[in-house]
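J.: There's a structure below that I have some questions on.
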């Protein structure tokens, strides 16, 4: 159930972030769907390979594909809605996808009884897959490697779950919301330490 | 049997397309073989991972490797034969590889009894693997994402197979030939809607 | 045992090469750890997928992660130690990682009784994974494809192991050392035939 909900959140979120990057790169309609799908399910494939879920499960998840299709169609139908704010929307959906996948990785590693630093590594590696694939396919350097603030939130998820502090469903949903809010605040208030920022940081 | 034949078509085709891209990028002899192999078998690995075939099967397919080796050696021995027409040859072998892998993905998803849109997604994702890997390794944006005409042919394969309209061996071979012809006609007559085209489209 | 030792050599070596590339690309501290981990374990994931080891084994190898963490921390603590010699250090650790992973791939394919050319392909493909992932994530063309001298050493490993000439533990360690030395000599004496070299080759 929890797993399903994290997927229902993470896969469309990555699909939307891929679709918006496709708009930004001036890809056409099919490029938009392909990049969205590859981002969402490429991220899912990496996560499945890393935590040992059969990859073919993807093809049984018709509902997730439908969700991704609908999500991308909304982006495609209202391309101007994302206007100048593309970057923020990409960051938002990227944050949602990353957080939900990272929580899955953290839970998996924690349940196997691994020590904290292994949980943290599993959290980061499962969380970043979708975003890294999206950026590579768009011909960009992966944002995760340029903006280390991402990694801080991933590590926080790993610490909270790996230490056994947050493992209840309610706790994990709360963690998801908090991480997404922190991520967006770090954008708004320029906590981001990236060398590519244009405004002075706080 | 059908599976074997699609592999015997698809793997050398991707190997040749990788080798020609290596020539274009001024890679040396070993770069040519490495890029050709990684394109052919990287595409195969992605397809196997996606549709649940053990990846280690690759190492039992000595004949396919020999076929890829011979195909790449022909490219290496006659580098000038491909001359100014590199781009068309890349597109031709890419079309053959993509179509045969896409048909495999479509058949697999169809046999599992999935609804049409899942078959289409499986078709596109298994078809594009080799070309995407080749382009990433050559430092290029994946052509599949810039030239949406590719996706149309992939989707056509998905629709024909996923709707159960074409599933006989003869029908699938015919489909393969038709898709490759349509792909090449779309190049010749500039059906390609890519923003990189130099000539007016029809 | 042999397997463990090759991992203990290969994974930290790739981690360090990733960390140094991160320094070179001006990534920050977390970028350094992420790139190092993804290089080391991405290379391991590719190798495991290719030779049929369950990928989830990675998460049981806490000691390897600790080794990678310590190795990257040394790079992070003494960033200036690598100074102008970054390139040589990257090449050194890349050579160590590549050789140890390549020997694993060669051994695996040889033990399955494959003919020589299959062993060579398995050797090259398992050896190059880590370096290719590192270069793609740093926004670079994979060095393996530009500097064909790499492939020569990989093929030498494949020939020595695949022909059954070197299969004893002592022999394989010696092979590892020899390949790393040959690789570094090819840098020092400009045996490298890359079109990017600045000095005349011997």
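Protein chains in written order, with our numbering: chain G, 1 to 202; chain Y, 1001 to 1202; chain L, 2001 to 2202. Where is the CB? At the ideal position from N, CA and C, for every residue including glycine.
Check distances from the C-beta atoms of the stretch 2004-2032 of chain L to those of chain Y and list, in chain order, the residues that come in under 7 Å.
T.: Taking 7 Å as the Cβ-Cβ cut-off against chain Y, none of the residues of the stretch 2004-2032 of chain L qualify.
J.: Anything in chain Y within Cβ reach of residue 2114 of chain L, meaning under 7 Å, just list it in chain order.
T.: What residue 2114 of chain L touches in chain Y: 1059, 1062.
J.: Report the option in Y:1131, Y:1116, Y:1138, Y:1140 whose CA atom is closest to the CA atom of residue 1157 of chain Y.
T.: If we check each option's Cα against that of residue 1157 of chain Y, Y:1116 comes out closest.
J.: Can you tell me whether DSSP reads residue 1194 of chain Y as helix, strand or coil?
T.: Note that residue 1194 of chain Y scores 43 on pLDDT, short of 50, meaning its location in the model is unreliable; the coordinates nonetheless yield the value given after this. Residue state, collapsed to three classes: coil.
J.: List, in order along the chain, the chain L residues whose C-beta lies closer than 8 Å to that of residue 1045 of chain Y?
T.: Near residue 1045 of chain Y (Cβ distances below 8 Å), the residues of chain L are 2049, 2050.
J.: Do the stretch 1141-1150 of chain Y and the stretch 1063-1074 of chain Y make contact, defined as three or more Cβ pairs closer than 8 Å?
T.: The answer is no - the stretch 1063-1074 of chain Y does not touch the stretch 1141-1150 of chain Y, with fewer than three Cβ pairs under 8 Å.
J.: By alpha-carbon positions, which one of G:11, G:125, G:20, G:32 ends up nearest to residue 144 of chain G?
T.: For the residues G:11, G:125, G:20, G:32, the minimum Cα distance to residue 144 of chain G belongs to G:125.
J.: Here's the rule: buried if 16 or more other CB atoms are within 10 angstroms of the residue's CB, otherwise exposed. What is residue 1060 of chain Y?
T.: Label assigned to residue 1060 of chain Y: exposed.
J.: Measuring only the C-alpha atoms, how far is residue 2092 of chain L from residue 2139 of chain L?
T.: In a straight line, the C-alpha of residue 2092 of chain L is about 21 Å away from that of residue 2139 of chain L.
J.: Nearest to residue 1183 of chain Y by alpha carbon, out of Y:1019, Y:1095, Y:1055, Y:1067?
T.: Ranking Y:1019, Y:1095, Y:1055, Y:1067 by Cα distance to residue 1183 of chain Y puts Y:1095 first.
J.: Could you work out which residues of chain G lie near residue 2065 of chain L, taking near to mean beta carbons separated by less than 8 Å?
T.: Residues of chain G passing the Cβ test: 117, 118, 121.
J.: Using the Cα positions of residue 42 of chain G and residue 133 of chain G, report the straight-line distance between them to the nearest angstrom.
T.: Rounded to whole angstroms, residue 42 of chain G to residue 133 of chain G spans 7 Å at the Cα level.
J.: To the nearest angstrom, how far is the alpha carbon of residue 1135 of chain Y from that of residue 1187 of chain Y?
T.: Near 19 Å, if we compare the C-alpha coordinates of residue 1187 of chain Y and residue 1135 of chain Y.
J.: Going straight from the alpha carbon of residue 2174 of chain L to that of residue 1062 of chain Y, what length do you get?
T.: So the two alpha carbons sit approximately 29 Å from each other.
J.: If you draw a straight line from the alpha carbon of residue 1013 of chain Y to that of residue 1097 of chain Y, how long is it in whole angstroms?
T.: Those two C-alpha atoms are separated by around 5 Å.
J.: Looking at the ligand ADP, does it come within less than 7 Å of residue 63 of chain G, judged from the CB to the closest heavy atom?
T.: This structure lacks the ligand ADP, and indeed carries no ligand of any kind.
J.: How would you call residue 170 of chain G, buried or exposed, if buried means at least 16 neighbouring beta carbons within 10 angstroms?
T.: Counting Cβ neighbours within 10 Å, residue 170 of chain G comes out exposed, since fewer than 16 surround it.
J.: Residues of chain Y with a CB under 8 Å from the CB of residue 2124 of chain L: which are they?
T.: Going along chain Y in sequence order, the residues near residue 2124 of chain L (Cβ under 8 Å) are 1034, 1037.
J.: Specify, as a first and last residue, the run of the alpha helix (DSSP H) that residue 2114 of chain L falls within.
T.: Residue 2114 of chain L -> no alpha helix (DSSP H), and no H or E assigned at all.
J.: Which residues of chain L have a Cβ atom closer than 8 Å to the Cβ of residue 142 of chain G, listed in chain order?
T.: Those within 8 Å of residue 142 of chain G in chain L are 2137.
J.: When you compare the CB of residue 2055 of chain L with every CB in chain G, is at least one pair closer than 8 Å?
T.: True, the Cβ-Cβ gap to chain G drops below 8 Å.
J.: Measuring alpha carbon to alpha carbon, tell me which residue in Y:1002, Y:1024, Y:1153, Y:1047 is nearest residue 1105 of chain Y.
T.: When only C-alpha atoms are compared, the closest one is Y:1047.
J.: Looking at the C-beta of residue 1108 of chain Y, does it have a partner C-beta in chain L at a distance below 8 Å?
T.: So no, residue 1108 of chain Y is outside the interface.
J.: Is there a C-beta anywhere in chain Y that falls below 8 Å from the one on residue 69 of chain G?
T.: Output row for residue 69 of chain G: interface = yes.
J.: Taking the alpha helix (DSSP H) that residue 158 of chain G belongs to, which residues open and close that run?
T.: Element bounds for residue 158 of chain G: 149-162.
J.: Roughly how many angstroms lie between the CA atoms of residue 20 of chain G and residue 2113 of chain L, to the nearest whole one?
T.: Cα to Cα, residue 20 of chain G sits roughly 49 Å from residue 2113 of chain L.
J.: So, using beta-carbon positions, are residue 1006 of chain Y and residue 1079 of chain Y closer together than 8 Å?
T.: Against a cut-off of 8 Å, the Cβ pair of residue 1079 of chain Y and residue 1006 of chain Y comes out as no contact.
J.: Specify the secondary structure class of residue 1139 of chain Y as computed by DSSP and reduced to three states.
T.: Correct three-state label for residue 1139 of chain Y: coil.
J.: Beta carbon of residue 2045 of chain L, beta carbon of residue 2034 of chain L: below 8 Å?
T.: Contact flag unset, no.
J.: Should residue 2 of chain G be labelled buried (16 or more other beta-carbon atoms within 10 Å of its own) or exposed?
T.: Under this definition residue 2 of chain G is an exposed residue.
J.: So what's residue 26 of chain G in DSSP terms, helix, strand or just coil?
T.: Coil.
J.: At 8 Å on the CB atoms, spell out the chain L contacts of residue 1041 of chain Y, in chain order.
T.: Those within 8 Å of residue 1041 of chain Y in chain L are 2121, 2125.
J.: Does DSSP put residue 2079 of chain L in a helix, in a strand, or in coil?
T.: Three-state result, residue 2079 of chain L: helix.
J.: What do you reckon, are the CB atoms on residue 10 of chain G and residue 100 of chain G nearer than 8 Å?
T.: Yes, the Cβ-Cβ distance between residue 10 of chain G and residue 100 of chain G is below 8 Å.
J.: Would you say residue 1095 of chain Y reaches chain G, if we count a Cβ-Cβ gap shorter than 8 Å as a contact?
T.: No, residue 1095 of chain Y lies away from the interface with chain G (no Cβ there is under 8 Å from its Cβ).
J.: Taking CB distances under 8 Å as the criterion, tell me whether residue 2102 of chain L reaches chain Y.
T.: Not closer than 8 Å to any Cβ of chain Y, the Cβ of residue 2102 of chain L fails to qualify, so no.
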